[in-house]
Amino acid sequence: MPSALKQTPLFDAHVRAGAKMVDFGGWEMPVSYGSQIEEHHAVRNDAGMFDVSHMLSVDVTGPDSKKFLRRLLANDVARLTTPGKALYSCMLNPEGGVIDDLIVYFFDAERWRVVVNAACAQSDVEWMRRVMHTEHFDVGLTERRDLAMIAVQGPHARSKVWEAHPAWRADTQSLAPFSSIFVDEQTLVARTGYTGEDGFEIVLPAAQAQALWDDLAVRGVRPCGLGARDTLRLEAGMNLYGQDMDESVQPAESGLSWTVSLHDTEREFIGRDTIDAAASQRVLVGVKLLRKGVMRAHMALRTALGDGEITSGTMSPTMGVSIAMARVPSGVAAGDKIEVQMRGEWAPAEVVKLPFVRQGKILVA
(Lines of atoms letter the chains of each structure in order from A; the text may use other names.)
(Lines give C-alpha, C1' and ligand atoms only; values in the text may rest on other atoms or scores of the structure.)
Protein backbone atom coordinates (compact mmCIF):
# COMPACT_ATOMS: atom_id res chain seq x y z
CA MET A 29 0.00 0.00 0.00
CA PRO A 30 1.23 3.52 -0.72
CA SER A 31 2.33 5.63 2.25
CA ALA A 32 -0.32 7.86 3.80
CA LEU A 33 2.45 10.31 4.68
CA LYS A 34 3.27 13.25 2.43
CA GLN A 35 6.60 13.21 0.63
CA THR A 36 8.85 16.02 -0.54
CA PRO A 37 10.30 16.21 -4.07
CA LEU A 38 13.56 14.82 -2.63
CA PHE A 39 12.02 11.69 -1.10
CA ASP A 40 13.57 9.30 -3.66
CA ALA A 41 17.00 10.85 -3.09
CA HIS A 42 16.73 10.21 0.64
CA VAL A 43 15.72 6.58 0.12
CA ARG A 44 18.57 5.97 -2.36
CA ALA A 45 21.02 7.43 0.17
CA GLY A 46 19.84 4.95 2.82
CA ALA A 47 18.20 7.53 5.07
CA LYS A 48 16.17 6.37 8.04
CA MET A 49 12.73 7.83 7.36
CA VAL A 50 10.27 8.92 10.07
CA ASP A 51 6.88 10.57 10.37
CA PHE A 52 7.40 14.27 11.07
CA GLY A 53 4.20 16.29 11.16
CA GLY A 54 2.59 14.04 8.57
CA TRP A 55 5.63 14.06 6.28
CA GLU A 56 7.98 11.15 5.61
CA MET A 57 11.33 12.76 6.38
CA PRO A 58 14.95 11.61 6.90
CA VAL A 59 16.03 11.58 10.54
CA SER A 60 19.61 10.60 9.61
CA TYR A 61 21.67 9.04 6.83
CA GLY A 62 23.71 6.82 9.13
CA SER A 63 25.41 8.96 11.78
CA GLN A 64 23.53 11.87 13.29
CA ILE A 65 26.68 12.92 15.14
CA GLU A 66 28.77 13.06 11.96
CA GLU A 67 26.03 15.07 10.25
CA HIS A 68 26.00 17.52 13.16
CA HIS A 69 29.78 17.99 13.02
CA ALA A 70 29.68 18.40 9.23
CA VAL A 71 27.49 21.48 9.66
CA ARG A 72 29.58 22.91 12.50
CA ASN A 73 32.90 22.35 10.68
CA ASP A 74 32.19 22.30 6.94
CA ALA A 75 28.81 22.18 5.17
CA GLY A 76 25.63 20.15 5.38
CA MET A 77 22.27 20.32 3.63
CA PHE A 78 18.74 19.69 4.80
CA ASP A 79 15.57 19.02 2.86
CA VAL A 80 13.10 21.47 4.40
CA SER A 81 10.56 21.27 1.59
CA HIS A 82 7.93 20.15 4.09
CA MET A 83 7.74 23.76 5.30
CA LEU A 84 5.17 25.85 3.45
CA SER A 85 5.72 29.09 1.58
CA VAL A 86 2.58 31.23 1.38
CA ASP A 87 2.61 34.18 -1.02
CA VAL A 88 0.66 37.20 0.24
CA THR A 89 -0.32 39.61 -2.52
CA GLY A 90 -2.67 42.53 -3.08
CA PRO A 91 -3.20 46.15 -2.02
CA ASP A 92 -3.83 45.34 1.66
CA SER A 93 -0.84 43.01 2.06
CA LYS A 94 1.15 45.22 4.41
CA LYS A 95 -1.90 46.19 6.46
CA PHE A 96 -2.91 42.52 6.73
CA LEU A 97 0.53 41.37 7.91
CA ARG A 98 0.78 44.22 10.43
CA ARG A 99 -2.48 42.98 11.93
CA LEU A 100 -1.58 39.27 11.72
CA LEU A 101 1.95 39.28 13.15
CA ALA A 102 3.41 40.39 16.49
CA ASN A 103 6.54 41.77 14.86
CA ASP A 104 6.04 44.79 12.58
CA VAL A 105 6.56 44.21 8.86
CA ALA A 106 6.67 48.01 8.41
CA ARG A 107 10.33 47.60 9.34
CA LEU A 108 10.89 45.88 6.01
CA THR A 109 11.60 48.51 3.36
CA THR A 110 14.38 46.93 1.29
CA PRO A 111 13.27 44.27 -1.23
CA GLY A 112 14.37 40.81 -0.09
CA LYS A 113 14.64 41.65 3.61
CA ALA A 114 13.19 39.12 6.03
CA LEU A 115 11.70 39.30 9.52
CA TYR A 116 11.16 36.62 12.18
CA SER A 117 7.85 36.82 14.00
CA CYS A 118 5.26 34.97 16.01
CA MET A 119 1.65 34.75 14.87
CA LEU A 120 -0.58 35.00 17.94
CA ASN A 121 -4.13 34.12 18.91
CA PRO A 122 -6.32 36.68 20.73
CA GLU A 123 -5.05 35.34 24.08
CA GLY A 124 -1.46 36.07 23.07
CA GLY A 125 -0.58 32.38 22.62
CA VAL A 126 1.81 31.43 19.83
CA ILE A 127 -0.02 29.90 16.86
CA ASP A 128 3.29 29.55 15.02
CA ASP A 129 6.67 31.19 14.54
CA LEU A 130 7.59 32.09 10.98
CA ILE A 131 9.67 34.17 8.61
CA VAL A 132 8.14 36.83 6.36
CA TYR A 133 9.92 38.18 3.25
CA PHE A 134 9.24 41.57 1.67
CA PHE A 135 9.49 41.89 -2.11
CA ASP A 136 7.37 44.99 -2.80
CA ALA A 137 4.33 46.74 -1.32
CA GLU A 138 1.92 44.16 -2.75
CA ARG A 139 4.12 41.06 -2.75
CA TRP A 140 5.31 39.20 0.36
CA ARG A 141 6.07 35.61 1.33
CA VAL A 142 5.47 33.89 4.68
CA VAL A 143 7.23 30.58 5.47
CA VAL A 144 5.47 28.53 8.15
CA ASN A 145 6.25 25.29 9.98
CA ALA A 146 5.16 22.02 8.41
CA ALA A 147 3.24 20.54 11.34
CA CYS A 148 0.88 23.49 11.64
CA ALA A 149 0.85 24.69 8.01
CA GLN A 150 -2.79 23.80 7.41
CA SER A 151 -4.07 25.42 10.60
CA ASP A 152 -1.85 28.46 9.94
CA VAL A 153 -3.36 29.01 6.50
CA GLU A 154 -6.87 28.49 7.87
CA TRP A 155 -6.20 31.13 10.53
CA MET A 156 -4.75 33.55 7.96
CA ARG A 157 -7.80 33.11 5.71
CA ARG A 158 -10.14 33.57 8.66
CA VAL A 159 -8.50 36.89 9.56
CA MET A 160 -8.46 37.93 5.89
CA HIS A 161 -12.18 37.26 5.41
CA THR A 162 -13.59 38.37 8.77
CA GLU A 163 -11.66 41.65 8.73
CA HIS A 164 -12.13 42.22 4.98
CA PHE A 165 -8.52 42.58 3.83
CA ASP A 166 -8.03 42.82 0.06
CA VAL A 167 -5.27 40.22 -0.21
CA GLY A 168 -4.65 36.90 -1.90
CA LEU A 169 -3.01 33.88 -0.25
CA THR A 170 -1.28 31.32 -2.46
CA GLU A 171 0.14 28.10 -1.00
CA ARG A 172 3.33 27.30 -2.92
CA ARG A 173 3.50 23.52 -2.81
CA ASP A 174 5.10 23.74 -6.26
CA LEU A 175 8.32 24.81 -4.54
CA ALA A 176 11.05 22.89 -2.72
CA MET A 177 13.45 24.24 -0.10
CA ILE A 178 17.03 23.19 0.64
CA ALA A 179 18.96 24.62 3.60
CA VAL A 180 22.74 24.60 3.09
CA GLN A 181 24.48 25.37 6.38
CA GLY A 182 28.00 25.57 7.76
CA PRO A 183 31.17 27.69 7.55
CA HIS A 184 31.81 26.54 3.95
CA ALA A 185 28.15 26.39 2.89
CA ARG A 186 28.05 29.54 0.82
CA SER A 187 31.30 28.82 -1.02
CA LYS A 188 30.07 25.35 -1.96
CA VAL A 189 26.78 26.75 -3.26
CA TRP A 190 28.85 29.10 -5.45
CA GLU A 191 30.89 26.15 -6.69
CA ALA A 192 27.67 24.45 -7.75
CA HIS A 193 26.17 27.63 -9.21
CA PRO A 194 28.92 30.16 -10.07
CA ALA A 195 26.37 32.52 -11.64
CA TRP A 196 24.69 33.01 -8.25
CA ARG A 197 27.85 34.40 -6.64
CA ALA A 198 27.51 37.94 -7.95
CA ASP A 199 23.97 38.28 -6.60
CA THR A 200 24.50 36.59 -3.23
CA GLN A 201 28.11 37.32 -2.18
CA SER A 202 27.18 40.58 -0.44
CA LEU A 203 23.80 39.34 0.80
CA ALA A 204 23.37 40.38 4.44
CA PRO A 205 21.97 38.03 7.09
CA PHE A 206 18.17 37.82 6.99
CA SER A 207 18.14 39.04 3.41
CA SER A 208 17.18 37.27 0.20
CA ILE A 209 17.32 37.72 -3.56
CA PHE A 210 15.80 36.06 -6.61
CA VAL A 211 18.72 34.67 -8.63
CA ASP A 212 16.29 33.86 -11.42
CA GLU A 213 12.57 34.26 -11.94
CA GLN A 214 11.61 31.48 -9.51
CA THR A 215 14.66 30.72 -7.33
CA LEU A 216 14.99 32.61 -4.05
CA VAL A 217 18.27 32.45 -2.10
CA ALA A 218 18.02 33.65 1.51
CA ARG A 219 20.83 34.05 4.03
CA THR A 220 18.85 32.42 6.81
CA GLY A 221 18.95 29.14 8.71
CA TYR A 222 18.14 27.13 11.82
CA THR A 223 21.57 25.87 12.91
CA GLY A 224 23.52 28.80 14.31
CA GLU A 225 25.85 28.62 11.31
CA ASP A 226 26.10 30.73 8.17
CA GLY A 227 24.57 29.54 4.95
CA PHE A 228 21.63 29.79 2.59
CA GLU A 229 18.07 28.56 2.40
CA ILE A 230 17.24 28.05 -1.27
CA VAL A 231 13.64 27.97 -2.47
CA LEU A 232 13.24 26.70 -6.03
CA PRO A 233 10.79 24.89 -8.31
CA ALA A 234 10.25 21.33 -7.09
CA ALA A 235 11.37 19.86 -10.41
CA GLN A 236 14.81 21.46 -9.98
CA ALA A 237 15.46 20.31 -6.40
CA GLN A 238 17.03 16.95 -7.25
CA ALA A 239 19.65 18.52 -9.56
CA LEU A 240 20.69 21.07 -6.93
CA TRP A 241 20.86 18.40 -4.22
CA ASP A 242 23.09 16.22 -6.43
CA ASP A 243 25.31 19.16 -7.43
CA LEU A 244 25.91 20.03 -3.80
CA ALA A 245 26.56 16.41 -2.79
CA VAL A 246 29.24 16.08 -5.49
CA ARG A 247 30.97 19.07 -3.93
CA GLY A 248 31.08 17.48 -0.48
CA VAL A 249 27.98 18.99 1.10
CA ARG A 250 26.75 16.29 3.46
CA PRO A 251 23.04 15.33 3.51
CA CYS A 252 21.70 15.80 7.05
CA GLY A 253 18.49 14.71 8.71
CA LEU A 254 16.09 15.93 11.35
CA GLY A 255 18.21 14.51 14.16
CA ALA A 256 21.19 16.73 13.43
CA ARG A 257 18.89 19.66 12.73
CA ASP A 258 17.47 19.34 16.24
CA THR A 259 20.81 19.16 18.06
CA LEU A 260 22.15 22.06 15.98
CA ARG A 261 19.16 24.33 16.64
CA LEU A 262 19.19 23.50 20.35
CA GLU A 263 22.88 24.34 20.65
CA ALA A 264 22.03 27.61 18.87
CA GLY A 265 19.26 28.35 21.38
CA MET A 266 16.51 28.30 18.75
CA ASN A 267 12.97 27.34 19.71
CA LEU A 268 11.09 24.37 18.26
CA TYR A 269 7.38 24.89 17.80
CA GLY A 270 5.33 22.36 19.74
CA GLN A 271 8.04 21.91 22.37
CA ASP A 272 9.46 25.27 23.45
CA MET A 273 6.32 27.19 22.49
CA ASP A 274 2.72 26.64 21.44
CA GLU A 275 -0.68 28.28 21.80
CA SER A 276 -0.58 27.86 25.60
CA VAL A 277 2.37 30.24 26.05
CA GLN A 278 3.04 33.86 25.16
CA PRO A 279 6.26 35.00 23.44
CA ALA A 280 7.80 36.27 26.69
CA GLU A 281 7.52 32.78 28.16
CA SER A 282 9.61 31.42 25.28
CA GLY A 283 12.34 34.05 25.22
CA LEU A 284 10.73 35.78 22.24
CA SER A 285 9.81 39.19 23.65
CA TRP A 286 12.23 40.68 21.13
CA THR A 287 9.93 39.54 18.32
CA VAL A 288 6.97 41.55 19.66
CA SER A 289 7.00 45.10 18.32
CA LEU A 290 5.12 47.61 20.47
CA HIS A 291 6.77 50.77 19.12
CA ASP A 292 3.72 51.80 17.10
CA THR A 293 1.06 52.34 19.77
CA GLU A 294 -1.70 52.50 17.13
CA ARG A 295 -0.91 49.12 15.56
CA GLU A 296 -3.48 46.67 16.93
CA PHE A 297 -1.98 43.29 16.08
CA ILE A 298 -3.87 40.21 17.20
CA GLY A 299 -3.02 39.40 20.82
CA ARG A 300 -1.59 42.82 21.63
CA ASP A 301 -4.13 43.71 24.34
CA THR A 302 -3.45 40.45 26.18
CA ILE A 303 0.31 40.85 25.97
CA ASP A 304 0.11 44.45 27.20
CA ALA A 305 -1.85 43.30 30.24
CA ALA A 306 0.22 40.22 31.01
CA ALA A 307 3.24 40.13 33.29
CA SER A 308 5.05 36.91 32.49
CA GLN A 309 5.59 34.67 35.49
CA ARG A 310 7.80 32.25 33.53
CA VAL A 311 10.85 32.58 31.31
CA LEU A 312 12.81 30.27 29.01
CA VAL A 313 16.44 29.63 29.96
CA GLY A 314 19.36 27.46 28.96
CA VAL A 315 20.40 24.58 31.22
CA LYS A 316 23.65 22.61 31.39
CA LEU A 317 23.73 19.27 33.20
CA LEU A 318 26.58 18.95 35.70
CA ARG A 319 26.83 15.16 35.66
CA LYS A 320 26.47 12.30 33.18
CA GLY A 321 23.08 11.71 31.62
CA VAL A 322 20.79 13.28 29.04
CA MET A 323 18.03 15.77 29.77
CA ARG A 324 14.82 15.31 27.77
CA ALA A 325 11.60 17.26 27.24
CA HIS A 326 9.07 17.25 30.09
CA MET A 327 11.58 16.41 32.83
CA ALA A 328 10.75 18.28 36.03
CA LEU A 329 13.23 20.66 37.61
CA ARG A 330 13.36 22.72 40.76
CA THR A 331 14.90 26.11 41.44
CA ALA A 332 15.19 28.37 44.45
CA LEU A 333 12.16 30.27 43.11
CA GLY A 334 9.96 27.28 42.33
CA ASP A 335 9.46 24.40 39.93
CA GLY A 336 9.99 24.32 36.16
CA GLU A 337 10.13 21.92 33.25
CA ILE A 338 12.53 20.99 30.46
CA THR A 339 11.03 21.91 27.07
CA SER A 340 13.86 20.54 24.85
CA GLY A 341 16.89 18.51 25.87
CA THR A 342 19.70 16.56 24.23
CA MET A 343 23.34 15.54 24.40
CA SER A 344 25.35 18.32 22.76
CA PRO A 345 27.74 16.83 20.17
CA THR A 346 29.81 20.02 20.18
CA MET A 347 30.08 20.42 23.95
CA GLY A 348 30.02 16.78 25.04
CA VAL A 349 27.50 17.44 27.83
CA SER A 350 23.71 17.43 28.05
CA ILE A 351 22.02 20.76 27.39
CA ALA A 352 18.41 21.87 27.46
CA MET A 353 15.97 24.73 27.34
CA ALA A 354 13.57 24.99 30.24
CA ARG A 355 10.61 27.09 31.33
CA VAL A 356 11.21 28.33 34.88
CA PRO A 357 9.85 30.97 37.26
CA SER A 358 10.67 34.55 36.35
CA GLY A 359 13.76 35.70 38.23
CA VAL A 360 15.80 32.55 37.65
CA ALA A 361 19.00 33.70 35.94
CA ALA A 362 22.27 32.50 34.43
CA GLY A 363 24.59 31.11 37.07
CA ASP A 364 21.80 29.77 39.29
CA LYS A 365 22.20 26.17 40.44
CA ILE A 366 19.11 24.02 39.88
CA GLU A 367 18.18 20.33 39.90
CA VAL A 368 16.61 18.16 37.19
CA GLN A 369 14.63 15.02 37.99
CA MET A 370 16.19 12.08 36.13
CA ARG A 371 15.21 8.46 36.75
CA GLY A 372 13.86 9.23 40.21
CA GLU A 373 16.88 11.26 41.28
CA TRP A 374 17.60 14.97 41.40
CA ALA A 375 20.64 15.74 39.23
CA PRO A 376 22.65 18.96 39.57
CA ALA A 377 22.47 21.47 36.73
CA GLU A 378 23.19 25.12 36.05
CA VAL A 379 21.26 27.88 34.31
CA VAL A 380 23.28 29.38 31.45
CA LYS A 381 22.84 32.18 28.95
CA LEU A 382 21.64 31.18 25.49
CA PRO A 383 22.91 30.28 22.95
CA PHE A 384 25.23 27.42 23.85
CA VAL A 385 27.06 27.40 20.49
CA ARG A 386 27.10 29.87 17.61
CA GLN A 387 29.17 29.79 14.42
CA GLY A 388 31.22 26.86 15.68
CA LYS A 389 32.20 28.49 18.97
CA ILE A 390 31.17 27.19 22.40
CA LEU A 391 29.81 30.17 24.35
CA VAL A 392 29.09 28.41 27.65
CA ALA A 393 31.92 27.65 30.08
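Going by the numbering used here, the first residue of the sequence shown is number 29, and it counts up by one from there.
Note that beta-carbon positions come from the ideal geometry of N, C-alpha and C, so glycine has one too.
Given the structure is predicted, the values throughout are model-derived calculations rather than measurements.
List the whole-angstrom C-beta distance separating residue i from residue j, where the pair is believed to meet the contact cut-off of C-beta under 8 angstroms.
i: isoleucine 298; j: leucine 130; result: With 8 angstroms as the limit, isoleucine 298 and leucine 130 do not qualify as a contact, their Cβ atoms being about 14 angstroms apart.
i: leucine 268; j: isoleucine 351; result: About 14 angstroms; that fails the 8 angstroms criterion.
i: arginine 250; j: glutamate 138; result: Contact flag wrong, Cβ pair sits at about 40 angstroms.
i: alanine 237; j: alanine 176; result: 4 angstroms
i: valine 385; j: methionine 347; result: 7 angstroms
i: methionine 83; j: valine 144; result: 7 angstroms
Please name the residue in the options whose C-alpha comes closest to that of residue i.
i: aspartate 304; options: Arg355, Arg257, Ser285 and Asp272; result: Ser285
i: valine 211; options: Glu225, Val189, Tyr222 and Asp226; result: Val189
i: glutamate 337; options: Gly348, Val315 and Ser350; result: Val315
i: serine 208; options: Ala361, Ile230 and Thr223; result: Ile230
i: serine 60; options: Lys365, Ile390 and Cys252; result: Cys252
i: methionine 323; options: Leu333, Gln309 and Thr339; result: Thr339
i: glutamine 387; options: Leu329, Gly227 and Thr293; result: Gly227
i: aspartate 364; options: Gly283, Val313 and Ser81; result: Val313
i: methionine 370; options: Asp272, Leu329 and Asp128; result: Leu329
i: glutamate 191; options: Ala245, Asp51 and Ala147; result: Ala245
i: proline 205; options: Trp55, Arg355, Gly372 and Tyr133; result: Tyr133
i: aspartate 242; options: Ala41, Lys34 and Ala32; result: Ala41
i: arginine 141; options: Ser117, Glu163, Thr162 and Ile127; result: Ser117
i: tryptophan 55; options: Ser81, Gly321, Gly372 and Arg355; result: Ser81
i: alanine 235; options: Asp174, Gly248 and Glu281; result: Asp174
i: isoleucine 390; options: Ser358, Glu225 and Leu232; result: Glu225
i: serine 358; options: Ala280, Ala185, Thr220 and Gly341; result: Ala280
i: histidine 193; options: Ser282, Thr162 and Ala239; result: Ala239
i: glutamate 275; options: Leu115, Pro383, Ala198 and Asp128; result: Asp128
Classify residue i as helix, strand or coil using the three-state DSSP reduction.
i: phenylalanine 135; result: strand
i: serine 285; result: helix
i: proline 233; result: strand
i: isoleucine 390; result: strand
i: valine 380; result: strand
i: arginine 247; result: coil
i: alanine 198; result: helix
i: methionine 323; result: coil
i: arginine 366; result: According to the sequence as given, residue 366 is isoleucine; it is not arginine. Here isoleucine 366 sits in strand by DSSP.
i: threonine 259; result: helix
i: methionine 177; result: strand
i: methionine 29; result: The predicted model places methionine 29 with a pLDDT of 43, which falls under 50 and marks its position as unreliable; any figure quoted below should be read in that light. Coil.
i: proline 58; result: strand
Thinking C-beta only, is residue j closer than 8 angstroms to residue i?
i: glycine 53; j: valine 277; result: no
i: methionine 343; j: isoleucine 178; result: no
i: proline 345; j: threonine 259; result: yes
i: alanine 361; j: valine 379; result: yes
i: serine 289; j: alanine 102; result: yes
i: leucine 317; j: alanine 377; result: yes
i: glycine 270; j: alanine 149; result: no
i: methionine 273; j: tyrosine 222; result: no
i: arginine 295; j: alanine 375; result: no
i: proline 58; j: methionine 49; result: yes
i: alanine 256; j: glutamine 64; result: yes
i: valine 105; j: arginine 98; result: yes
- the segment 158 to 176 / the segment 78 to 90 touching (three or more Cβ pairs under 8 angstroms): Look at the beta carbons and you see the segment 158 to 176 touching the segment 78 to 90: at least three pairs across the two are nearer than 8 angstroms.
- Should the segment 213 to 227 be called in touch with the segment 150 to 169, which here means at least 3 C-beta pairs below 8 angstroms? Touching, no, given that fewer than three Cβ pairs across the two stretches are closer than 8 angstroms.
- Message: Under 8 angstroms, with one C-beta from each stretch per pair, do the segment 90 to 102 and the segment 58 to 73 reach the 3-pair mark?
- Response: No, the segment 90 to 102 does not touch the segment 58 to 73.
- Item | the segment 157 to 164 contacting the segment 101 to 111, beta-carbon criterion three pairs below 8 angstroms | With contact defined as three or more Cβ pairs closer than 8 angstroms, the segment 157 to 164 and the segment 101 to 111 are not in contact.
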